[in-house]
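Single-structure report; data block below.
Numbering (this note's numbering), first residue to last: 6 to 721.
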């Protein structure tokens with residue numbers, strides 16, 4: 006028994022040692038696993054998640070304030086600044102109470118008085134000081150210009166003394182903030198302002214009402230961007246809203262900067278600021294020549310004045326001319342050297358991103374580019390306004406060179422075919438004929454195609470082209486006519502890329518539907534009464550006549566340069582489509598265009614091919630109004646420049662519009678040279694061409710606002 010007990014005890018001891026050993030091994034294994042997991046986790050924290058966690062920690066310990074980018078500048082072809090941005094410090098006021106209430110008016114008056122004293126004492130003495138009324142207007146406590154929550158910009162271009170004073174006395178000026186921002190400045194000479202465009206705040210640009218799809222798409226895509234991305238648009242930054250400012254928004258914008266402040270748990274700044282400067286956008290060098298542009302603008306305004314002064318002296322002028330439009334395009338490149346929609350306005354009124362309703366009403370008919378869109382001049386009542394044409398008018402007789410080309414191409418006649426012009430062409434059933442008459446019912450006798458252009462014979466165009474096409478092809482003649490129109494850029498986009506460019510209005514299909522047959526619309530279309538087109542379309546069309554069939558894309562930008570002046574992109578001529586006609590056909594129309602009788606080209610040292618147009622238009626008054634239209638190119642033997650001019654309600658194209666075109670040719674010859682040698686170039690102002698400037702020569706960026714609302718923020 007004793008031996009057996011001892012054996013059991015030994016067995017139990019062996020079993021206990023084995024169990025202990027097993028438990029110890031399990032313990033060591035679990036410890037190994039735990040420590041392995043901890044080591045792996047530490048490695049992940051250090052090498053994988055470390056940078057992200059560090060960034061989170063840094064972010065929790067810093068406050069970042071984004072700085073909008075500085076837009077690139079826009080220069081003319083000679084590097085004269087047309088639009089440029091300046092960095093400045095601006096004073097903003099936020100409404101923290103209802104200052105229209107009687108109990109708060111005394112406080113408001115005290116703030117205004119205090120601001121006035123600071124501005125007078127520490128402001129730039131070379132800049133006109135703001136009055137109390139100016140300050141009150143900018144505060145906009147009645148919210149006429151802005152919603153109540155929108156900060157009001159009181160003054161731009163603060164001096165260092167003003168900034169220091171407000172920073173030191175911040176407690177005395179509740180609701181006042183100093184903001185660093187970029188101010189857009191436009192040449193005070195108002196150079197091609199509708200083409201250049203203007204800016205609005207990004208938050209307005211993405212607004213469902215009044216915004217643009219272009220920016221709404223950017224806003225949708227920005228959800229994938231980090232909030233600190235230098236490409237993310239800021240709600241209060243200025244963005245291009247029309248013209249080249251919009252067309253080249255991405256190139257002009259640049260990249261955001263940022264101010265980074267270390268803060269404690271209470272959010273208070275505890276150390277020096279770290280600044281990442283914004284990156285300035287690229288600069289545009291335009292094809293426009295500033296001096297040619299200004300002379301074009303002045304020629305239009307002088308022309309309108311001359312038309313109205315002489316309206317009672319000659320049938321060639323009409324008394325209601327209020328606006329004029331002109332485009333000058335280089336024949337070989339498509340470069341637009343002048344684009345004028347007059348009268349114009351000062352785009353600096355948009356400074357701040359919005360304007361007041363009063364200011365908008367003042368510029369409503371002038372801020373839109375009438376060379377590419379329909380613009381109507383303002384009258385006292387809408388009823389009266391409807392009795393006047395827009396900027397898009399029928400071609401009139403300027404279509405006749407193309408009409409002859411179509412007739413020749415379609416073998417309807419030859420350049421030697423003789424037509425008996427009795428002063429009219431009659432069509433329709435016998436006894437119920439409709440007569441298409443020449444101007445003043447003039448009978449031109451025996452004429453060829455070229456002489457029909459010279460004499461501007463409606464009868465020839467109607468009888469030899471419009472009616473013949475109909476008699477040959479029936480209603481299908483309309484489609485054939487439309488094909489030719491579109492090939493020459495009439496009824497299609499010029500591909501300029503400008504916002505809301507009109508393709509014009511085609512009336513011959515509408516007339517076909519109304520009349521039930523194509524004869525009448527074809528006949529009237531043949532002499533320019535069945536389509537209304539823009540001045541830019543006319544310029545593209547006459548350029549095609551000059552270069553024998555190449556439809557060139559209008560170019561507004563010659564090159565893009567970075568801030569160091571290096572060229573990053575150039576623009577070459579782009580042929581949109583080309584038509585091939587027998588060379589003799591071109592010579593036929595040129596022989597006629599060379600002899601068209603016009604006023605204003607006496608003594609011009611170059612041969613000019615031209616065509617006048619007096620487009621009649623029914624605007625619902627019971628009588629037809631007459632629009633002056635003119636196209637030309639020179640030198641005739643080797644065309645360099647093509648010009649189109651439109652003066653709604655101007656009268657005869659040869660008397661009202663042609664003299665304007667002559668001055669444009671003179672301006673180009675003086676500044677650039679129709680033979681390649683400038684005759685009398687305007688002296689440059691000495692602007693550097695390195696693209697580094699942020700402001701115009703002689704400017705400091707210090708600007709103040711006044712009661713004209715030029716920096717107000719409202720409305721439209």
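For every residue, glycine included, the Cβ atom is placed at its ideal position computed from N, Cα and C.
Supposed contact pair residue j and residue i - C-beta distance, whole angstroms, cut 8 Å
{"i": "residue 651", "j": "residue 632", "result": "7 Å"}
{"i": "residue 326", "j": "residue 654", "result": "5 Å"}
{"i": "residue 402", "j": "residue 617", "result": "6 Å"}
{"i": "residue 206", "j": "residue 235", "result": "Contact flag wrong, Cβ pair sits at about 19 Å."}
{"i": "residue 295", "j": "residue 83", "result": "7 Å"}
{"i": "residue 275", "j": "residue 267", "result": "5 Å"}
Close Cβ partners of residue i (< 7 Å) along its chain, the five nearest in sequence each way excluded
{"i": "residue 411", "result": "470, 489"}
{"i": "residue 622", "result": "394, 398, 399, 629, 630, 632"}
{"i": "residue 602", "result": "659"}
{"i": "residue 71", "result": "239, 261, 263"}
{"i": "residue 252", "result": "502, 503"}
{"i": "residue 664", "result": "308, 604, 605"}
{"i": "residue 788", "result": "Only positions 6 to 721 of the chain appear in the structure, and residue 788 is not among them; the question remains open."}
{"i": "residue 684", "result": "674, 675, 678"}
{"i": "residue 625", "result": "391, 392"}
Straight-line Cα distance separating residue j from residue i
{"i": "residue 413", "j": "residue 551", "result": "17 Å"}
{"i": "residue 484", "j": "residue 245", "result": "40 Å"}
{"i": "residue 673", "j": "residue 297", "result": "6 Å"}
{"i": "residue 408", "j": "residue 367", "result": "41 Å"}
{"i": "residue 21", "j": "residue 31", "result": "15 Å"}
{"i": "residue 594", "j": "residue 564", "result": "36 Å"}
{"i": "residue 649", "j": "residue 540", "result": "6 Å"}
{"i": "residue 333", "j": "residue 285", "result": "32 Å"}
{"i": "residue 636", "j": "residue 647", "result": "7 Å"}
{"i": "residue 691", "j": "residue 85", "result": "Unreliable placement is indicated for residue 691, whose pLDDT of 46 sits below 50; the coordinate value is still reported in the next sentence. About 8 Å."}
{"i": "residue 257", "j": "residue 317", "result": "50 Å"}
{"i": "residue 243", "j": "residue 573", "result": "24 Å"}
{"i": "residue 417", "j": "residue 545", "result": "26 Å"}
{"i": "residue 420", "j": "residue 456", "result": "10 Å"}
{"i": "residue 255", "j": "residue 174", "result": "40 Å"}
{"i": "residue 439", "j": "residue 328", "result": "34 Å"}
{"i": "residue 452", "j": "residue 422", "result": "8 Å"}
{"i": "residue 340", "j": "residue 538", "result": "20 Å"}
{"i": "residue 656", "j": "residue 310", "result": "13 Å"}
{"i": "residue 698", "j": "residue 682", "result": "Since pLDDT at residue 698 reaches only 40, below the 50 mark, its modelled position is unreliable, and the value read off the structure follows with that caveat. Computed Cα separation, rounded: 30 Å."}
{"i": "residue 38", "j": "residue 18", "result": "30 Å"}
{"i": "residue 522", "j": "residue 512", "result": "14 Å"}
{"i": "residue 528", "j": "residue 472", "result": "6 Å"}
{"i": "residue 508", "j": "residue 247", "result": "18 Å"}
Three-state secondary structure assigned by DSSP to residue i
{"i": "residue 403", "result": "helix"}
{"i": "residue 30", "result": "helix"}
{"i": "residue 631", "result": "strand"}
{"i": "residue 279", "result": "strand"}
{"i": "residue 691", "result": "Only weak support exists for where residue 691 lies, its pLDDT of 46 falling under 50; the coordinates are left without a value."}
{"i": "residue 429", "result": "strand"}
{"i": "residue 135", "result": "coil"}
{"i": "residue 593", "result": "helix"}
{"i": "residue 438", "result": "coil"}
{"i": "residue 227", "result": "helix"}
{"i": "residue 159", "result": "strand"}
{"i": "residue 329", "result": "strand"}
{"i": "residue 639", "result": "strand"}
{"i": "residue 130", "result": "coil"}
{"i": "residue 716", "result": "Residue placement at residue 716 is poorly supported in this model, since its pLDDT is 32, which falls under 50; the coordinates still yield a value, given next. Residue state, collapsed to three classes: coil."}
Sequence-distant residues of its chain with Cβ nearer than 6 Å to residue i (five each side left out)
{"i": "residue 556", "result": "494, 549, 581, 582"}
{"i": "residue 404", "result": "533"}
{"i": "residue 188", "result": "91, 93, 161"}
{"i": "residue 576", "result": "560, 562"}
{"i": "residue 76", "result": "90, 257, 286"}
Chain B within 8 Å of residue i, Cβ atoms only
{"i": "residue 222", "result": "Absent from the structure: chain B. Only one protein chain is present."}
Same chain, Cβ closer than 8 Å to residue i, five either side skipped, listed in chain order
{"i": "residue 543", "result": "332, 400, 403, 634, 636, 649, 651"}
Three or more beta-carbon pairs under 8 Å between the segment 455-473 and the segment 424-433, yes or no?
-> Yes, the segment 455-473 touches the segment 424-433.
Taking three-plus beta-carbon pairs below 8 Å as touching, is the segment 357-377 in contact with the segment 197-209?
-> The segment 357-377 vs the segment 197-209: in contact.
Segment contact flag, the segment 293-313 with the segment 662-670, C-beta cutoff 8 Å, min 3 pairs | Touching, yes, given that three or more Cβ pairs across the two stretches are closer than 8 Å.
Would you call the segment 95-105 and the segment 180-196 in contact, with 3 or more CB pairs under 8 Å?
-> These segments touch.
Does the segment 495-505 come within contact of the segment 449-462, defined as at least 3 CB pairs closer than 8 Å?
-> Verdict: no, contact absent.
Evaluate contact between the segment 530-539 and the segment 596-612, counting only Cβ atoms and requiring at least three cross-stretch pairs below 8 Å.
-> The answer is no - the segment 596-612 does not touch the segment 530-539, with fewer than three Cβ pairs under 8 Å.
How about the segment 212-225 and the segment 125-140: do they share at least three Cβ pairs that are nearer than 8 Å?
-> No: the two stretches stay apart, fewer than three of their Cβ pairs being nearer than 8 Å.
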